[in-house]
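These notes are about the structure you will find just below.
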Amino acid sequence: MNQAKPSGTEIKSFRSSVIHEMRYDIVIMGGGFAGLRAAVAAKKTRPTARVGLLTAGPNNGYGCCSHKTHGANAAMNPGDSVAVHASDTLRGGGGIGKPELVATLCEGAPEAIRELEQLGVQFDKIGDRYDPGFYGGSTHPRSVHAQDMLGLSGVTRLWEEARRCGVEALHSRQVLSFVIADNVFGGVIVMDTVTGETEYVAAPVGITAMGGGACVYPIATISDDKQATAAACFLEAGGALMDSEMMQFHPTGLARPGRKGHGEIMEEELRAQGAQFFNVHGERFMKYEHEDAERATRDVNARACYREIMEGRGTPNGGVIFDLSMLPPQFLQQRFPYMLERLRTYVDLTQVTQVETSPAAHFWMGGIEIDIHAQTSIKGLFACGEDAAGIHGGNRLGGNGVSDALVFGKIAGEAAARSDAGQTGSFDPTKCVVSLLNLPDVSETVRLDALIKKTMWHHVGPIRSGDGLQLARLLLNDVFARVASNVIKVPARDLSLPCAAMRSLYQKLILSRAVNSAAIERTNSVGAHYRTDADGEIDIYNTSVRMSEDGVMHTSRVYRAGTMNDALSPEEAA
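By UniProt numbering, the letter at position 367 of the sequence shown is numbered 367, and the numbering carries on one by one without gaps.
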């Protein structure tokens with residue numbers, strides 16, 4: 001992101017310019033799989049609609065990890081079924097996912113794969129059958145792939161289709177705020193991070209698919225332009241977040257602290273193919289952790305790696321040893337050509353057999369609650385991809401992310417195109433304000449960013465405790481209290497480029513406190529939320545977080561019928 005260095009003087013000396021206004025019938029925020037699929041679906045459902053697609057990147061870049069994804073789960077072959085896929089998904093999420101959303105995902109996944117094929121994605125097959133991979137938590141090989149380039153190929157094809165359909169892309173746009181009146185969506189305030197101009201993108205219908213929940217941790221797999229935007233904007237608009245405590249850590253992010261590539265993701269399938277974890281003493285700890293060892297789910301692997309690191313058995317770079325010696329270079333070149341190319345700047349996997357890796361914040365299962373039509377509680381606003389909650393429960397299975405983005409992206413796009421929302425609210429862009437932190441200099445911004453991330457890693461990471469979570473609350477609330485006098489509401493027309501960084505930091509402070517508050521509220525262990533002092537409650541509930549106007553987080557539980565054991569096999573329940 002091209003930003004001028006912020007300073008107190010620059011922030012306070014606003015430009016006082018007139019806000020530029022653009023109008024669309026549907027505006028979509030996010031250029032990954034979910035946003036692109038939504039844009040194509042919206043335009044095809046309503047060809048006469050003017051559809052705008054906002055991306056943070058400078059061109060048809062790839063949102064979050066979409067271009068890095070290897071496979072997509074779908075019950076495509078004999079022996080597998082939609083019902084089994086749904087059962088695996090519910091069980092993998094600890095039983096707290098919403099069954100109707102899980103069913104929608106699994107029923108729609110095969111069609112989503114066929115639609116990508118029609119766009120030109122060439123999936124790996126043996127004869128006329130798909131050749132799926134076996135990801136952790138799945139009872140059948142289910143993750144269809146195109147070598148390891150499904151993400152790259154799929155996103156490229158969707159961009160081509162979006163252009164062909166007439167979707168209008170607006171690049172280098174940082175979303176700063178939703179425009180909401182009387183709980184009705186009316187557009188977004190964005191900043192052009194190249195020109196520094198503030199824009200009001202007016203639209204009666206919006207779809208948010210920005211992702212980026214992992215940005216509050218010091219090691220993350222996501223791109224730097226992802227800043228928890230949807231979560232912060234939704235809370236500010238009076239909405240509630242669901243299951244905010246559920247942050248997934250991918251077990252294999254490159255451990256390169258202070259260097260480019262820190263957190264760069266290594267493929268899920270490496271573990272399924274035989275790669276193993278060792279601590280600094282040469283002990284293969286996963287064989288003691290779970291009967292499936294490295295083939296267990298991501299949360300199990302991430303916790304085990306985190307424990308080794310935090311208890312002093314990690315490597316000098318704060319990781320563990322990921323051993324690939326069982327995978328010949330020829331196999332890696334054939335199966336993972338894109339991963340090898342992507343990582344070559346940092347490590348040549350054809351020349352080494354061991355790599356230092358660490359759990360890295362990867363995917364936020366929490367977010368904005370939706371129904372089966374991807375509608376949120378705000379009229380005219382839809383959510384899909386990582387911005388939506390309730391699909392993966394407490395833990396997302398590897399391979400379900402792309403399927404989720406494609407299925408619910410399409411649903412959101414079609415529903416938005418058919419929406420009768422209409423702008424019934426009163427929207428005056430000259431009255432729109434954006435909250436941000438007005439700090440004295442850039443060093444303070446860097447210091448607070450590091451403090452937030454350190455607090456989250458040590459106390460709201462893969463392994464949590466009541467005492468640690470309460471300490472995190474004190475630390476984060478102390479940060480919030482100390483900067484409260486620096487939180488200012490700036491008229492949208494008066495924003496300047498340095499404000500973008502101040503807004504991003506404010507969003508991280510909001511999300512970190514929401515995640516921590518929900519983690520305190522959930523006193524049992526479910527999926528990615530693991531507490532050493534868990535109370536063992538098995539009743540199904542989802543957490544809810546709201547933020548008052550003074551920034552205080554309010555949490556509650558929403559109980560549902562049944563117990564978490566309902567999602568388990570008799571052997572697991574016993």
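We put the beta carbon where it would ideally sit given N, CA and C, even for glycine. None of these values were measured; they are calculated from a predicted model.
Listed in chain order, the non-local C-beta contacts of A228 below 8 angstroms within the same chain comprise G212, G213, C215, V216, Q507, K508, I510 and L511, local neighbours out to five positions each way being set aside. Of the candidates L448, S496 and V402, the residue whose Cα lies closest to the Cα of N477 is L448.
Under DSSP, L54 forms a beta bridge with M29 and L170.
For L254, the enclosing beta strand (DSSP E) begins and ends at M247 to L254. In this structure, the straight-line span from the alpha carbon of L105 to that of I391 is close to 8 angstroms.
Scanning its chain for C-beta atoms nearer than 6 angstroms, with the 5 sequence neighbours on each side dropped, one finds around A169 the residues L53, in chain order. C-alpha of S548 to C-alpha of T555: approximately 11 angstroms in a straight line.
In this structure, M553 sits near R513, with a CB-CB distance shorter than 7 angstroms. When DSSP states are grouped into helix, strand and coil, M149 belongs to the coil group.
When rounded, the separation of the alpha-carbon atoms in G468 and L36 is 39 angstroms.
Per the Cβ contact rule, the region 487-504 is in contact with the region 430-444 (3 or more Cβ pairs under 8 angstroms).
Around the beta-carbon of T345, fewer than 16 other beta-carbon atoms lie within 10 Å, marking it exposed. Here the region 20-31 makes no contact with the region 393-400; the two share fewer than three CB pairs at distances below 8 angstroms. Here the alpha carbons of D292 and N542 stand approximately 28 angstroms from one another. A residue is called buried when at least 16 other Cβ atoms come within 10 angstroms of its Cβ; H70 meets this threshold and is buried. Annotation: T195 to I370 spans about 35 angstroms, alpha carbon to alpha carbon. In this structure, the CA atom of A202 is about 38 angstroms from the CA atom of A528. Per DSSP, the unbroken beta strand (DSSP E) holding G562 starts and ends at M553 to T563. By the criterion of a C-beta distance shorter than 7 angstroms, K379 is surrounded in its chain by N183, V184, F185 and A421, once the five residues flanking it on both sides are discounted. The residues K489, V490, P491 and A492, in chain order, have a CB closer than 7 angstroms to that of V433 in the same chain once the five nearest residues on each side in sequence are set aside. Taking a C-beta distance under 7 angstroms as the contact criterion, A374 and F363 do not qualify as a contact pair.
Separation of S496 and V190 (C-alpha to C-alpha, rounded to the nearest whole angstrom) is 11 angstroms. In the DSSP assignment, the residues bridged to D192 are R173. Nearest C-alpha to I538 among M76, L349, V558 and G562: G562.
Here A41 is actually not in contact with I26; their C-beta atoms are around 10 angstroms apart, not less than 8 angstroms. Around the beta carbon of L505, 16 or more other beta carbons lie within 10 angstroms, which makes this residue buried. For the region 456-525, the full-length beta strand (DSSP E) segments reaching 3 residues or more read 487-491 along the chain. By alpha-carbon distance to T48, the top candidate from T445, G166 and E107 is G166. Judged by DSSP in its simplified three-state form, G71 adopts strand. Membership of N301 in the alpha helix (DSSP H) is indicated by the continuous run R298 to M310. Nearest to E521 by alpha-carbon distance, out of F480, V483, V460 and S485, is V460.
Closest option to H145, judged by alpha-carbon separation, among R335, T208 and F278: R335.
Taking 7 angstroms as the cut-off, the Cβ atoms of T221 and G263 count as close. Taken through DSSP and simplified to helix, strand or coil, V184 comes out as strand. A direct Cα-to-Cα measurement between N279 and N301 gives close to 13 angstroms.
Residue state for V446 is assigned as helix, using DSSP reduced to three classes.
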